[in-house]
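So the sequence lines, in the order shown, correspond to chains A and B. Per the working numbering: the first sequence = residues 1 to 153. Per the working numbering: the second sequence = residues 1 to 106.
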Amino acid sequence: MDALIQILIFVLLLGLGYFFGRRAERKHYDSIRKHEDELRHVVVSSERTPDREALGHDFDLVAGSVVISVDYFKTVAAGLRSLFGGRVRAYESLLDRARREAVLRMQHQAQALGSELIINTKFETSRISGNAGQGIGSIEVLAYGTALIASSK
Amino acid sequence: MLISNIELVPGKRVTKHLGLVQGSTVRAKHVGKDIFASIKNIFGGELSSYTNLLQESREEAIERMMEQAEAIGANGVINVRFATSAIAAGASEILAYGTAVVLEDR
Numbered sequence: 001m002d003a004l005i006q007i008l009i010f011v012l013l014l015g016l017g018y019f020f021g022r023r024a025e026r027k028h029y030d031s032i033r034k035h036e037d038e039l040r041h042v043v044v045s046s047e048r049t050p051d052r053e054a055l056g057h058d059f060d061l062v063a064g065s066v067v068i069s070v071d072y073f074k075t076v077a078a079g080l081r082s083l084f085g086g087r088v089r090a091y092e093s094l095l096d097r098a099r100r101e102a103v104l105r106m107q108h109q110a111q112a113l114g115s116e117l118i119i120n121t122k123f124e125t126s127r128i129s130g131n132a133g134q135g136i137g138s139i140e141v142l143a144y145g146t147a148l149i150a151s152s153k
Numbered sequence: 001m002l003i004s005n006i007e008l009v010p011g012k013r014v015t016k017h018l019g020l021v022q023g024s025t026v027r028a029k030h031v032g033k034d035i036f037a038s039i040k041n042i043f044g045g046e047l048s049s050y051t052n053l054l055q056e057s058r059e060e061a062i063e064r065m066m067e068q069a070e071a072i073g074a075n076g077v078i079n080v081r082f083a084t085s086a087i088a089a090g091a092s093e094i095l096a097y098g099t100a101v102v103l104e105d106r
């Protein structure tokens, strides 16, 4: 009886994770695509030094960060995947979403400063282990760079 | 105070290098938020309380780095880098470091 209840709980969590996780991921991808279109005029580059044209520009540090949680389905799928090896798609999409979201927030900050170019973009990723202790609980991504702002003088 | 993560600043000249400055902070959210986050681990989605936490920590780290730079007479910090790590469940550390310099208009 106990085993049955445990299995039921597991299946329930798995179902909840699958349903809500997929929904959250789809919504998030929709919003990412929408905002990427809106912010396309803010160019993000990993160039280390500015062009000569940028000589008169002001500059400022901009950053964007996000923490995204895994869902139960992803945790289980990734656990199974690690038995067989190969691409862990469940986590790939998670990281992809987090990086793109972080860049978007950085672009947003640059746009607020009146900048159209961010150079020397760097990423910093780390995980926050949840109460599970194993696997990843959630991931945090920080994107930062230098925004060049056309100065008024 | 100018803060930037590029090495050469457009239109400015570095007249003095003052060495490495850094600022770090370790922060945690209260346990209620942690419980909420662990529930979120089932459903997925963004953990906005942790995103805020990260943002606050980052600002705090930059603030401390700037204080240190100011104390040694710098007017800018260049080549700024961030490093993050999770030192315990629900707590995160952020380190900001860079080179303190004296900048002059060219």
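The beta carbon of each residue, even a glycine, is placed where N, CA and C say it ideally should be.
Item to check | Contact residues within the region 66-86 of chain A, judged by C-beta distance below 9 Å to chain B | outcome: Val66, Val67, Ile68, Ser69, Val70, Asp71, Tyr72, Phe73, Lys74, Thr75
Checklist entry - What residues match up with Thr25 (chain B) in a beta bridge as DSSP calls it? => result B:Ile94
Next on the checklist: Residues of chain B with CB closer than 8 Å to the CB of Ser115 (chain A), please, in chain order.
Outcome noted: None at all; the shortest Cβ gap to chain B is about 12 Å.
Item to check | Per-residue burial, Val70 (chain A) [other beta carbons within 10 Å of its own, 16 or more giving buried] | outcome: buried
Next on the checklist: Below 8 Å on C-beta distance, what does Gly145 (chain A) contact in chain B?
Outcome noted: Those within 8 Å of Gly145 (chain A) in chain B are Asn5.
Checklist entry - What separation, rounded to the nearest whole angstrom, lies between the Cα atoms of Lys74 (chain A) and Gln22 (chain B)? => result 37 Å
Next on the checklist: Run through the DSSP bridge pairs and tell me what Thr146 (chain A) is partnered with.
Outcome noted: A:Leu61, A:Ile119
Item to check | CB contact below 8 Å: Ala61 (chain B) versus chain A | outcome: No, Ala61 (chain B) does not count as interfacial toward chain A.
Item to check | is_contact[Leu103 (chain B), chain A] using C-beta, thresh 8 Å | outcome: no
Checklist entry - Among residues of its own chain, excluding the 5 on either side of Ala132 (chain A), which ones have a beta-carbon nearer than 6 Å to its beta-carbon? => result The pLDDT assigned to Ala132 (chain A) is 48, lower than 50, so where the model puts this residue is not dependable, and the model offers no usable value.
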